[in-house]
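Residue numbers (the numbering used here): 17 to 573.
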């Protein structure tokens with residue numbers, strides 16, 4: 017009996033220790049079960065339809081809270097089924113009820129309120145068991161740009177304070193930094209850890225540069241890369257298979273030279289260049305195999321040394337170097353890809369010294385040069401450098417999308433009627449044509465040329481969008497002769513039946529965007545959005561220009 021009582025006492029003591037350990041350590045740690053989290057789609061309080069933000073916030077939080085086998089975020093479909101038609105739980109009782117039905121440990125819910133430019137974010141994380149108090153997060157800011165950083169901050173708090181997950185933070189800077197994140201950082205500051213100097217070829221990566229910014233859009237979370245800096249002012253940039261090997265090269269123009277690079281093994285390697293030509297002013301570049309010999313030609317639109325006339329050229333790879341096949345051409349060139357057709361070469365021959373007037377033609381290769389094949393439209397307020405042709409309305413009609421002299425986009429039908437016009441500024445170029453002196457003016461007037469605009473299905477939804485840059489001019493375009501850009505971004509617009517509505521945009525970068533392209537930059541079978549950014553113009557005496565290339569990874573799934 018004593019032995020039996022002894023074993024009973026020992027067993028009781030052993031089980032008590034086990035129970036106490038589980039109580040102190042917590043059931044999840046003791047049996048190594050994962051935490052389960054349900055994210056309820058946020059309630060959006062706004063005059064406009066911001067449904068895309070509801071989708072984007074859910075995806076962001078799910079990505080940041082998921083932690084292998086330790087934290088599992090259940091699917092959105094499961095969470096929505098448990099709501100029984102409710103938009104979002106409004107009290108702790110509802111949270112516990114929904115959490116119990118889903119079999120989760122925590123329920124995350126909240127709201128986003130947008131009134132004018134004021135944005136309020138109210139987020140809560142409720143413990144279904146009721147043992148922990150509700151973890152709340154509230155933030156108010158000006159502008160949509162703050163949403164992503166605030167979501168990141170909240171997710172970090174939840175990971176550390178509720179889920180016990182330490183999140184690696186950046187080293188503290190030597191100088192105190194402002195509380196608000198710098199959304200206007202130079203391109204080299206957009207990447208964690210900085211960038212290498214001008215002497216190397218490495219590319220660096222970052223994440224989440226693109227986010228939604230308009231009605232009816234969905235969030236596009238993207239990674240990006242940056243090349244080394246160039247001690248040049250990049251005037252144009254295009255992608256194409258220059259040497260006929262099946263891979264894409266990146267062609268860059270400066271004011272007086274052309275460079276061809278290839279992205280390979282995370283390095284940006286120069287494979288060809290032309291000598292500086294002092295009598296040239298290159299203003300744009302396009303790449304396409306128009307003459308059909310298997311090598312994509314490089315169409316370099318340019319002005320003469322005095323910027324008073326058009327002097328374009330066409331280069332082609334001859335197996336060893338770039339060779340001019342057309343020189344001193346009076347045509348502006350652009351390449352377009354209308355739906356249901358092969359790539360076409362567009363040309364504009366300006367009338368006298370007015371760069372915004374002249375016949376727009378489809379060009380063809382004949383007798384060793386490029387000649388008009390078909391007239392498209394007589395331009396009265398547009399220049400080909402800021403013009404393209406395509407199915408912008410997604411109704412199988414090819415329309416012209418072009419900037420006017422004031423950097424306002426226009427949609428023009430084939431007979432020449434303006435179907436739609438934008439009242440906001442887009443584009444914004446530093447490249448200009450010198451007009452004749454007017455009246456008693458002592459100086460020749462600068463006519464700034466428009467930036468590139470593209471029509472393409474960039475998000476993989478089967479519909480064509482308009483892709484354009486937007487550079488912010490410090491004087492608001494009020495100083496006609498002089499411009500100084502502070503920031504730039506890429507914007508995507510889509511036809512909504514009434515006009516071109518803003519869908520999404522990149523974050524701002526310092527300087528200005530001088531050109532952009534869409535294609536398989538790194539030959540991985542997936543298209544990227546590639547932009548050239550001029551960080552420093554080098555316009556002052558004894559100053560050096562600085563440009564870079566930023567590559568945005570497109571998320572089209």
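Think of the CB as a built atom: it goes at the ideal place given N, C-alpha and C, for glycine as much as any other residue. Quick caveat: nothing in here was measured; it's all calculated off a predicted structure.
The beta carbons of residue 507 and residue 484 sit about 6 angstroms from each other, so the pair counts as a contact at 8 angstroms. Contact holds between the segment 460 to 471 and the segment 396 to 404, because three or more Cβ pairs, one in each stretch, are under 8 angstroms apart.
Between the C-alpha atoms of residue 535 and residue 545 there is a straight-line separation of about 7 angstroms.
By the neighbour-count criterion, in which a residue is buried when 16 or more other Cβ atoms sit within 10 angstroms of its Cβ, residue 522 is buried.
When C-beta atoms of the segment 349 to 359 are compared with those of the segment 282 to 302, three or more pairs fall below 8 angstroms, so the two segments count as touching. Between residue 255 and residue 533, the gap from beta carbon to beta carbon is short of 8 angstroms. Looking at the backbone, the Cα of residue 295 and that of residue 318 are separated by about 10 angstroms. Excluding residues up to 5 positions away in sequence, 55, 89 lie with their Cβ nearer than 7 angstroms to the Cβ of residue 78 in the same chain.
Comparing alpha-carbon positions, the option among 138, 177, 246 lying closest to residue 549 turns out to be 246. Per DSSP, reduced to three states, the secondary structure at residue 353 is coil, with no helix or strand assignment.
If you draw a straight line from the Cα of residue 331 to the Cα of residue 439, it is about 38 angstroms long. The segment 489 to 571 contains, as complete beta strand (DSSP E) runs of 3+ residues, the segments 501 to 511, 516 to 522, 528 to 535, 544 to 552, 562 to 569 (chain order). Contiguous alpha helix (DSSP H) elements confined to the segment 55 to 104 occur at 67 to 81, 92 to 97, taking only those with 4 or more residues.
The straight-line gap separating the alpha-carbon atoms of residue 123 and residue 130 is approximately 24 angstroms. Excluding the 5 residues flanking it on each side, residue 473 has same chain C-beta neighbours closer than 8 angstroms at 479, 480, 481, in chain order.
CA-to-CA, the gap between residue 65 and residue 72 works out to about 14 angstroms.
The alpha-carbon separation between residue 307 and residue 542 amounts to approximately 27 angstroms. One thing to note: residue 405 has its Cβ within 8 angstroms of the Cβ of residue 354. Residue 275 and residue 136 have their alpha carbons spaced roughly 47 angstroms apart. Under DSSP, residue 288 forms a beta bridge with 276.
Judged by beta-carbon spacing, residue 462 lies beyond the 8 angstroms limit of residue 441, meaning their Cβ atoms are not closer than that value.
With a 10 Å radius around the Cβ and a threshold of 16 neighbouring Cβ atoms, residue 328 comes out buried. Taking the C-beta atoms as reference points, residue 526 is found nearer than 8 angstroms to residue 551. In the structure shown, residue 133 adopts coil according to DSSP, grouped into three states. Shown here for residue 376: same chain residues with a beta carbon closer than 6 angstroms to its own, the five before and five after excluded, namely 364, 392, 393, 395 in chain order.
Residue 151 is bridged by DSSP to 141. Burial of residue 69 is indicated by the presence of at least 16 other C-beta atoms within 10 angstroms of its C-beta.
Sorting 388, 342, 390, 326 by C-alpha distance to the C-alpha of residue 366 places 326 at the top. By the Cβ neighbour-count rule, residue 63 is exposed, with fewer than 16 other Cβ atoms within 10 Å of its own. Sixteen is the threshold: since fewer than 16 other Cβ atoms of the shown chains lie within 10 Å of the Cβ of residue 176, the residue is exposed.
In the three-state scheme derived from DSSP, where H, G and I count as helix and E and B as strand, residue 118 is classed as helix.
Sequence-distant Cβ neighbours of residue 250 in its own chain, meaning closer than 6 angstroms and more than five residues away, are 268, 530, 548, 563. Comparing alpha carbon positions, the residue from 287, 58, 93, 121 closest to residue 49 is 121. Sixteen is the threshold: when 16 or more other Cβ atoms of the shown chains lie within 10 Å of the Cβ of residue 142, as they do, the residue is buried. Inclusion of residue 397 and residue 421 in the CB contact set at 8 angstroms is warranted, their separation being smaller than that value.
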